[in-house]
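Student: After the structure tokens below, expect a handful of questions from me.
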Amino acid sequence: MSIPILNYSLSTQNQRVDGFEYLPGEEQPKVYTTDNLPTAFEMDEII
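Quick note: the sequence shown uses the working numbering, first residue 354, plus one each step.
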């Protein structure tokens with residue numbers, strides 16, 4: 354006995370949902386560099 358194929362369109366239970374992305378471009382990875390690091394003296398002031 355085979356399982357019958359369901360023929361209906363896919364939808365979400367919450368029709369107000371536009372998509373998964375909260376903020377545009379949020380899924381782009383951040384690039385971390387050491388170019389703008391504070392100096393040792395500035396780090397001591399922060400701490």
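Here a beta-carbon is modelled for each residue, glycine too, at the ideal position from N, C-alpha and C.
If you reduce the DSSP assignment to three classes, tell me which class I358 lands in.
Tutor: Here residue 358 refers to the residue found at position 5 of the sequence shown. Looking at I358 - three-state DSSP - the assignment turns out to be coil, as it is neither helix nor strand.
Student: Going by DSSP, what residue range makes up the alpha helix (DSSP H) through I399?
Tutor: By one-based count along the sequence shown, residue 399 stands at place 46. First-last of the alpha helix (DSSP H) with I399: 393 to 399.
Student: Could you tell me the distance, in whole angstroms, from the CA atom of V394 to the CA atom of P382?
Tutor: As a working mapping, residue 394 is identified with position 41 in the sequence shown. As a working mapping, residue 382 is identified with position 29 in the sequence shown. Per the sequence shown, residue 394 should be read as Phe rather than Val. Those two C-alpha atoms are separated by around 30 Å.
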